[in-house]
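K.L.:
First the structure, which I've put down as structure tokens, then a few questions once you've had a look.
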Amino acid sequence: MTADLPQTSGRTPLLNAEGLTLRFGAIPALVDVAIDISAGEVLAIVGESGSGKTTLLRVLSGMMAPDAGTVRWLGDDLHAMGEAARRRLMRTDWGFVHQNPRDGLRLNVSAGGNVGERLMAVGARHYGRIREEAIAWLQRVEVDAARIDDLPRTFSGGMQQRLQIARTLVTRPRLVFMDEPTGGLDVSVQARLLDLIRGLSRELGLAVLIVTHDIAAARLLADRMLVMRRGEVVEHGLTDRVLDDPQHPYTQLLVSSVLAA
Amino acid sequence: MTPALRTEGLGKAFTLHLQGGVRIPVLGDVDLAVHPGECVALWGPSGAGKSTLMRCLYGNYGAGAGRILLRHRGTDLDLASASPQQVIEARRETLGYVSQFLRVIPRVATRDIVAEPLVTRGVPRDEAQARATELLHRLNLPERLHGLPPATFSGGEQQRVNLARGFAPGYPVLLLDEPTASLDAANRAVVIGLIREAKAQGAAIIGIFHDTEVREAVADRLYDVLPHQDAA
Ligand SMILES: Nc1ncnc2c1ncn2[C@@H]1O[C@H](COP(=O)(O)OP(=O)(O)OP(=O)(O)O)[C@@H](O)[C@H]1O
Ligand SMILES: Nc1ncnc2c1ncn2[C@@H]1O[C@H](COP(=O)(O)OP(=O)(O)OP(=O)(O)O)[C@@H](O)[C@H]1O
Ligand SMILES: [Mg+2]
Ligand SMILES: [Mg+2]
Chain Z
1 MTADLPQTSG
11 RTPLLNAEGL
21 TLRFGAIPAL
31 VDVAIDISAG
41 EVLAIVGESG
51 SGKTTLLRVL
61 SGMMAPDAGT
71 VRWLGDDLHA
81 MGEAARRRLM
91 RTDWGFVHQN
101 PRDGLRLNVS
111 AGGNVGERLM
121 AVGARHYGRI
131 REEAIAWLQR
141 VEVDAARIDD
151 LPRTFSGGMQ
161 QRLQIARTLV
171 TRPRLVFMDE
181 PTGGLDVSVQ
191 ARLLDLIRGL
201 SRELGLAVLI
211 VTHDIAAARL
221 LADRMLVMRR
231 GEVVEHGLTD
241 RVLDDPQHPY
251 TQLLVSSVLA
261 A
Chain D
1001 MTPALRTEGL
1011 GKAFTLHLQG
1021 GVRIPVLGDV
1031 DLAVHPGECV
1041 ALWGPSGAGK
1051 STLMRCLYGN
1061 YGAGAGRILL
1071 RHRGTDLDLA
1081 SASPQQVIEA
1091 RRETLGYVSQ
1101 FLRVIPRVAT
1111 RDIVAEPLVT
1121 RGVPRDEAQA
1131 RATELLHRLN
1141 LPERLHGLPP
1151 ATFSGGEQQR
1161 VNLARGFAPG
1171 YPVLLLDEPT
1181 ASLDAANRAV
1191 VIGLIREAKA
1201 QGAAIIGIFH
1211 DTEVREAVAD
1221 RLYDVLPHQD
1231 AA
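Chains Z and D, in that order, are what the protein sequence lines are.
Using our numbering, read the first sequence as starting at 1 and increasing by one per residue.
Using our numbering, read the second sequence as starting at 1001 and increasing by one per residue.
Structure (structure tokens):
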């Protein structure tokens, strides 16, 4: 029954990085950070404000170069492969859900256009099918399909965020970077999105690197968790073990300050 | 016969950094073996470390010392030193755990929560849902609740959802932490039946049963968990 499932032990990661170090003047944003993620995995990054989480996502996705260390995508050095190759990855194999939806959306393009243009960028040409696909994704993230021709500017912050998620997932990327994707959403919509993200990861093998302040959500969603503080990874491992049996003083503080996560 | 799960010199202590680094030793030198088809009940006073031992066996708590050897994919996997990915794989295929409380993503229907571990093992969704429905019926959860998320269910109803989810896949090794704590007599009897069937199918079961009737009905032997200062 389980023979044809992917072998999890010893498989090669999609993305891995070592020795990542980056300073902004006196601020150590990343200190010797190592990380890896494989297909079908959800990896949560948690830690206090300013601990380097967003910076880490930017460096891992090639948007920013580290002072030292390497990032590899399927074994190839990301920062050596050149801007054009990285942009192609961003369009095809990767998706990025930004903390602020305005950074991930085109505000002067309709909601349907925002979702559809990602499909067109990977070669879709049949207009009717693109629109159908866009409607399906709007529904999955619980945006009323009747608003498909409206501009995102007229959407609430939470709706914009859901639209950004639909735009990112429509091309079925292999790896998605998410920076506080459910931050501005109400709890019930958050839950639906988390379930959607987890379903995609389980069923399609989507890998998700998610930065979040929501420890309870991370527990339900993530296979592994990485705890950052002042640019350093102070603890990492199986999510429920990091939360229930935290070893580092900072992780113990973090866990003790959330109610029944 | 090879045990389905065994520990060698398992130890566990907690260091509370927020309380000045005080160290609480809980388990010392635990040697426990459970064979396929056998049910072992953990026994000991409140605070002795029964739940802690159970959580170590599931990989939820890290082992401080020793080994935890799980028969998995035909070999011994040491959960004390396994990678997170290996623990996840073992939990998907071999090792089940029913805790006292249900913890699930809100807004997901009960039937899907119960079917999920089967789907993750590669069972087609409709087949998994049929099995989920059957188990929920058996645990006397009314059909009208199957399509609802369990957030608003009573404690006993949630516990039965939890049990259905734990028993659905037929794990070779199953850990049960007070599985009948919030159940009435009729449902306790159903759980006794489920445990006996799982044993007959070769499952190795480790349980904490405060209920004497349940314990006597399912356990083949007791394993004493001693408060640490009493341990040898
Ligand atoms: N472009 C930049 N120039 C200068 N300093 C920066 C820059 N980007 C980030 N920093 C600093 O680096 C540190 C890490 O920032 P980062 O945005 O990665 O934190 P974060 O963990 O994402 O925090 P939050 O949870 O508040 O989003 C902070 O002290 C921040 O002020
Ligand atoms: N995550 C934890 N952090 C710190 N201490 C813990 C943790 N989990 C358990 N302990 C401590 O370990 C000891 C054993 O607790 P445990 O829950 O295993 O007892 P038990 O035998 O299951 O008791 P009961 O019968 O009351 O459920 C207790 O002193 C408890 O406070
Ligand atoms: Mg940030
Ligand atoms: Mg207990």
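Where is the CB? At the ideal position from N, CA and C, for every residue including glycine.
Compute the Euclidean distance between the alpha carbons of Z:R125 and Z:S38, then round it to the nearest angstrom.
P.N.:
31 Å
K.L.:
DSSP beta-bridge partners for Z:W73?
P.N.:
Per DSSP, Z:L15 and Z:D76.
K.L.:
Return yes when the Cβ of Z:L193 is within less than 9 Å of the Cβ of Z:R219, no when it is not.
P.N.:
No, Cβ-Cβ distance for Z:R219 and Z:L193 is not below 9 Å.
K.L.:
Is Z:R167 helix, strand or coil by DSSP?
P.N.:
helix
K.L.:
Determine, using beta-carbon pairs with one atom in the region 1095 to 1103 of chain D and one in the region 1148 to 1167 of chain D, whether at least three such pairs fall under 8 Å.
P.N.:
yes
K.L.:
Which of helix, strand or coil does DSSP assign to D:H1035?
P.N.:
coil
K.L.:
Would you call the CB atoms of D:E1157 and D:P1149 closer than 9 Å?
P.N.:
no
K.L.:
Tell me whether the beta-carbon of Z:A145 lies closer than 9 Å to the beta-carbon of Z:I130.
P.N.:
no
K.L.:
How long is the line joining the alpha carbons of Z:S156 and Z:V141, rounded to whole angstroms?
P.N.:
14 Å
K.L.:
Check Z:G213 in the structure and name its three-state DSSP category.
P.N.:
According to the sequence shown, residue 213 of chain Z is His rather than Gly. Residue state, collapsed to three classes: coil.
K.L.:
When you compare only the Cα positions, how much space is there between Z:Q190 and Z:G158?
P.N.:
10 Å
K.L.:
Could you check where the alpha helix (DSSP H) with Z:D93 kicks off and where it finishes?
P.N.:
From DSSP, Z:D93 is part of no alpha helix (DSSP H); its letter is neither H nor E.
K.L.:
Once you ignore the five residues that flank Z:L30 on each side, which residues in its own chain have a CB closer than 7 Å to its CB?
P.N.:
L20, T21, L22, G52, T55, L56, V59, P66 and G231
K.L.:
Taking only the alpha-carbon atoms, compute the straight-line gap between D:D1002 and D:V1034 and give it to the nearest angstrom.
P.N.:
It is worth fixing the name first, because residue 1002 of chain D is Thr in this sequence and not Asp. For D:T1002 and D:V1034, the distance between alpha carbons rounds to 9 Å.
K.L.:
Using the C-alpha atoms, what's the distance from D:T1110 back to D:R1307?
P.N.:
Lying outside 1001 to 1232, the shown extent of chain D, residue 1307 of chain D is not represented and no answer is given.
K.L.:
Using the beta-carbon of each residue, which ones in chain Z are nearer than 9 Å to D:N1060?
P.N.:
L238, D240, R241, D244 and D245
K.L.:
Ligand 3 and Z:V59: does the residue's C-beta get closer than 8 Å to at least one heavy atom of that ligand?
P.N.:
No - ligand 3 has no heavy atom lying nearer than 8 Å to the Cβ of Z:V59.
K.L.:
Cα-Cα, which of Z:R198, Z:L78, Z:H236 and Z:L253 is closest to D:P1084?
P.N.:
Z:H236
K.L.:
Would you say the beta carbon of Z:S110 comes nearer than 8 Å to a heavy atom of ligand 1?
P.N.:
Answer for Z:S110: no, Cβ out of range of ligand 1.
K.L.:
So, does the CB of D:I1088 fall closer than 9 Å to a CB anywhere in chain A?
P.N.:
Among the protein chains in the structure shown, which are Z and D, there is no chain A.
K.L.:
CA-CA distance, Z:G75 and Z:V187?
P.N.:
Each residue's Cα considered, the two are about 38 Å apart.
K.L.:
For Z:V20, is the beta carbon positioned less than 8 Å from some heavy atom of ligand 1?
P.N.:
The question names Val, yet the displayed sequence has Leu at residue 20 of chain Z. Because no heavy atom of ligand 1 lies under 8 Å away, the Cβ of Z:L20 does not count as near it: no.
K.L.:
May I ask you to check if the CB of Z:E48 is nearer than 8 Å to at least one heavy atom of ligand 1?
P.N.:
yes
K.L.:
Which residues of chain Z have a Cβ atom closer than 8 Å to the Cβ of D:I1113, listed in chain order?
P.N.:
Chain Z residues near D:I1113: none, gap ~10 Å exceeds 8 Å.
K.L.:
Report the three-state DSSP secondary structure of Z:E117 (helix, strand or coil).
P.N.:
helix
K.L.:
For D:T1052, I'd like the list of residues in its chain whose CB is within less than 7 Å of its CB, leaving aside the five on either flank, ordered along the chain.
P.N.:
K1012, V1026, L1027 and Y1061
K.L.:
Spell out the partners DSSP gives D:T1052 in its beta bridges.
P.N.:
Under DSSP, D:T1052 forms no beta bridge with any residue.
K.L.:
Measure the alpha-carbon distance for D:A1080 versus Z:D245 and round it to whole angstroms.
P.N.:
14 Å
K.L.:
Rounded to whole angstroms, what's the CA-CA distance from D:V1022 to Z:H248? Just pull it up for me.
P.N.:
14 Å
K.L.:
Taking the straight line between their C-alpha atoms, what separation do you get for D:G1170 and D:T1133?
P.N.:
Straight through space, the alpha carbons of D:T1133 and D:G1170 are spaced by roughly 15 Å.
K.L.:
Starting from Z:A191, find everything on chain D with Cβ-Cβ shorter than 7 Å and list it in chain order.
P.N.:
I1105, P1106 and R1107
K.L.:
Locate the beta strand (DSSP E) running through D:Y1097, then write down its first and last residues.
P.N.:
L1095 to V1098
K.L.:
With a threshold of 7 Å on Cβ separation, who are the neighbours of Z:A68 within its own chain once the five nearest residues in sequence on each side are excluded?
P.N.:
G19 and T21
K.L.:
Quick check: the Cα distance between D:D1224 and D:L1010, rounded to an integer number of angstroms?
P.N.:
Straight-line measurement puts the Cα of D:L1010 at about 14 Å from the Cα of D:D1224.
K.L.:
For Z:P249, would you say it is in contact with chain D, using Cβ-to-Cβ distances shorter than 9 Å as the test?
P.N.:
So yes, Z:P249 belongs to the interface.
K.L.:
Express the C-alpha separation of Z:A44 and Z:L226 in angstroms, rounding to a whole number.
P.N.:
6 Å
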